[in-house]
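Here the sequence shown stands for residues 1 to 723, where the numbers follow the UniProt record's numbering. Ideal Cβ placement from N, Cα and C applies to all residues, glycine included. Right, one structure below, let's go through it.
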Amino acid sequence: TFQDGGEEVEDGAVYNVTLKKVQIQQAANKGARWLGGEGDQLPPEHTVRQYETSKIRAIKAGTLEKLVENLLTAFGDADFSYISIFLATYRAFASPRAVLELLLDRFGNLETSSHGEVANLNSLESEMVLRVEIASVLRAWLDQCSEDFREPPDYMCLLKLLDYLKNNMPNSDMENRVQNLLKQFQNQEVETVDGFCSTSSSDLVDGEELEISNPEEFSSFQDHVVAEQLTYMDVMLFRRVVPYHCLGSIWSQRDKKENKNLAPTVRATITQFNAVTKCVISTILGTRELKIQQRAKIIEKWIHIAHECRILKNFSSLRAIISALQSNSVYRLKTTWMCVSKDILLMYEELSEIFSDHDNYLTSRELLMKEATSKFANLDSSEKENQKKSQKRLQLQKNKGVMQGTVPYLGTFLTDLIMLDTALQDYVEGGLINFEKRRREFEVIAQIKLLQSSCNSYCLIPHQKFIQWFRRQRHLTEEESYKLSREAEAAADTNILSPKSQKSMVKRISTLFLGTDVFTSLKEQPPKSSPVGGSSGESTDSASVSSCEFNHSETEDMCVTPVSSPEDPLKKGSISSDKGLISNKGSDSIKGSGSSKGSIFDPGLGADSGSIPTRDLGSMLSGAPKVLPVYNRQSGGSCIIRVSMDGLHDSVYKSILITNQDRIPDVTQRALLKHNLEPDAVEDYELVQVISEDKELVFPRDANVFYGMNSHVNFDFILRKKA
């Protein structure tokens, strides 16, 4: 049993204390022993139990020096997960060099150390204990975060570590390991953003050029082959994701000019997601000469490929394909959709429902939790024919005897981490680093690591012909795809179907989309400058999933977003170019919203938010707040709003935490800072809440935003320069 022991405050640190009562012995009482009974075979009234109460200290906040010192004492305080949490999150508040210098110079050098605890280590035994503790921390660091030492061309941290080991642990296994790591880094080329992207056009063989997809060549690839190759590329990229690149405090800084190469491993997954989305749209719209039935067959093929991705538990490409089919230019092909068979439309509906934004994307979160480490996909279908096909394909996979991993949609985790970063403070009273925030972040990071390890179960072989075809595809811009979509629809023979059958089919499609609660479209006109892209990206501070179209200049950070609006539930959100793996005006995940922005992931992660819980992390958050501010809901005197700049693309927004004490100047100043503008220009701007397409709420200069805002519509604001 556990009991809250309150807090302990030391100079430069605050600890949460938990008292743990454990049974250490159970024996037969005197009468039972006289009868020859054994303790574990007797009822409780005939036994005597002995208990021991131990104290668990978990650091809650502290200076950097105290946090580093706690690396050496965490095991003694029974805080067994501390080292992993620190190593996974410290980049949010310190550099590798700062941590290494404190660890080696302050605590690792016994001769010069002035630290009280270290100064009293006079015995050889105590010195050996300290060396073992430092070696344990260094070993964990090299095991879990060796990328922290990749600092070409000088590798200062790695050389410093090597020098320490030569002086204090000569000829040890760790010294040899560090030397090998240094050689490995030196022999490898410095990896750039393009180096992580498996779909970059720079990978083309000399003489090859980008080309619009040839329908016949695309049709020659079997559905399961396409799904396997998309999964192969996704797995290669996802396994290389450096978890700390996903931290909200790091990922949210990617828009700054000096950070154009920030988090390359995450950008690479976004680029791949967008490439899949654009490939889908290009194959459907790229050839003008296609007849309606031919175009419908291509849509059906992509739905089958999406289903194969579901069998392979590849939720990244699955979402990319669904986003592309929900894009404005594809969604509006009503005549073409009428030619798609009913069974395949039902399959499409079921796949789309996986990413429904209902209840903070609960369906996709629960599915990911269920299948994260399962050997095979768990396929359920309400349609008998689809169920038979699914089970048949799944049985073929099982017969191969090879387990499958799980490739997640990374935008879910990026959104959670950004919302956590927005909702929780970096520092607490006294300027101490808020380590409880890092514990919450680690719950999300731990899920990423768990899924990365599961990807080792995949056994996929590259199909060079398909990969080369995929890389050769010329992606359409949003304007091009919209123009081609209009031409295709205009050229459609409206007499193919009778008015009665057309009406029936439109009704069926309308019911299909309404059932998913995910799609809605923007106006039937091409966005001015935002090319399409189903991205896994987040607009600046938020994330959203959506339909897609492309942008040549921002291919890495585009985002597609289906949205729903009360006025026209059939309309669909179009893709928007943006920086990040999740964006567009709307909902979350690589999803945005058109006229009415969808809800963002609830930041109350961990056990409350839907991120996958792990059993061994359950006690980690005993002292963490139970409720965090949420987008689109006022609770506990606070909430999260999204603020975009007037004149910029409306999908580029920032998430801002406000309380019932905040007035217009405070919120305006924070919004300017988030958008990297001068905070002194508060008087030049006005804050406006978007009520609907033709209504806005303009706040007076000193209004209280929390009480003045309309809480019955989306919490979406615009910062506009005063006339």
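task = Could you tell me if F706 is buried or exposed, where buried requires 16 or more neighbouring beta carbons within 10 angstroms of its beta carbon?
result = buried
query = Run through DSSP, which three-state label would K313 get?
reply = coil
query = Going straight from the alpha carbon of A92 to that of A263, what length do you get?
reply = 13 Å
ask   = For the candidate residues N187, K722, A140, whose alpha-carbon lies nearest to that of M174?
value = For the options N187, K722, A140, the alpha carbon positioned closest to that of M174 is the one of A140.
query = At least one CB of chain C closer than 8 Å to the CB of A306: is that the case?
reply = Chain labels in this structure do not include chain C; a single protein chain is all it has.
query = Relative to the C-alpha of L420, which residue among S485, P700, L432, I445 is closest?
reply = Of S485, P700, L432, I445, the residue nearest in Cα terms is I445.
ask   = So which of K166, M156, L368, N171 has the shortest CA-CA distance to Q186?
value = M156
request  = Give the C-beta separation of V137 and L64 to the nearest angstrom, bearing in mind that I take them to be a contact with Cβ-Cβ under 8 Å.
outcome  = V137 to L64, Cβ: 15 Å. No contact.
Residue nearest to L367 in terms of C-alpha spacing, selected from K342, K334, I311 = I311
request  = Give every residue of the same chain whose Cβ lies closer than 6 Å to the Cβ of Q3, excluding the five residues on either side of it in the sequence, and list them in chain order.
outcome  = L19
ask   = For L410, does the count of other Cβ atoms within 10 angstroms reach 16, so buried, or fall short, so exposed?
value = buried
ask   = Can you find at least 3 beta carbon pairs, one from the stretch 283 to 294 and one from the stretch 332 to 350, that sit closer than 8 Å?
value = Contact holds: three or more Cβ-Cβ distances are below 8 Å.
inquiry  = If I follow the unbroken beta strand (DSSP E) through C639, where does it start and stop?
reply    = Element bounds for C639: 638 to 645.
request  = Go ahead and label V280 buried or exposed: buried means 16 or more other beta carbons lie within 10 angstroms of its beta carbon, across all protein chains shown.
outcome  = buried
message = For R440, report the span of its alpha helix (DSSP H) as first-last.
response = 435 to 454
query = Can you give the beta carbon distance from L247 to E441, rounded, assuming they're within the 8 Å contact cut?
reply = 6 Å
message = Does F717 come out as helix, strand or coil in the three-state DSSP assignment?
response = strand
N-terminal and C-terminal residue of the alpha helix (DSSP H) that F706 is part of = 705 to 708
message = Quick check on DSSP: helix, strand or coil for E10?
response = strand
task = With I658 as the anchor, note down where its beta strand (DSSP E) starts and where it stops.
result = 653 to 659
inquiry  = On the criterion of 16 or more Cβ atoms from any shown chain inside 10 Å, does E127 qualify as buried, or is it exposed?
reply    = exposed
query = In terms of residues, what are the limits of the alpha helix (DSSP H) holding K695?
reply = First-last for K695: 695 to 698, but that is the beta strand (DSSP E), not the alpha helix (DSSP H).
task = Give the DSSP-derived three-state secondary structure of T406 in the structure shown.
result = coil
inquiry  = I believe D646 touches L719 by the beta-carbon criterion, under 8 Å. Please report the beta-carbon distance rounded to the nearest angstrom.
reply    = With a contact defined as Cβ atoms closer than 8 Å, D646 and L719 qualify at about 7 Å.
Three-state class that DSSP yields for L19 in the structure shown = In the three-state scheme derived from DSSP, where H, G and I count as helix and E and B as strand, L19 is classed as strand.
query = Measuring CB to CB, does Q272 end up less than 8 Å from D234?
reply = yes
inquiry  = Tell me the residue span of the alpha helix (DSSP H) that contains S329.
reply    = 328 to 331
message = According to DSSP, Q222 sits in a beta bridge with which residue or residues?
response = For Q222, no pairing in a beta bridge is given by DSSP.
ask   = Do three or more CB pairs link the stretch 288 to 301 to the stretch 445 to 464 at distances below 8 Å?
value = no
task = Count the C-beta pairs between the stretch 305 to 323 and the stretch 218 to 231 that are closer than 8 Å, then say yes if the count reaches three, no if not.
result = yes
task = Give the DSSP-derived three-state secondary structure of V241 in the structure shown.
result = coil
query = Smallest Cα separation from W469: which of Y244, F221, S352?
reply = F221
key: Inter-residue spacing [alpha-carbon to alpha-carbon] between E443 and P462   = 33 Å
ask   = In this structure, does DSSP put Q634 in helix, strand or coil?
value = coil
request  = Look up S692 in the DSSP assignment and give the residues it is bridged to.
outcome  = K695
query = Out of D716, E683, D684, which has the shortest C-alpha to C-alpha gap to E696?
reply = Considering only alpha carbons, the answer is D716.
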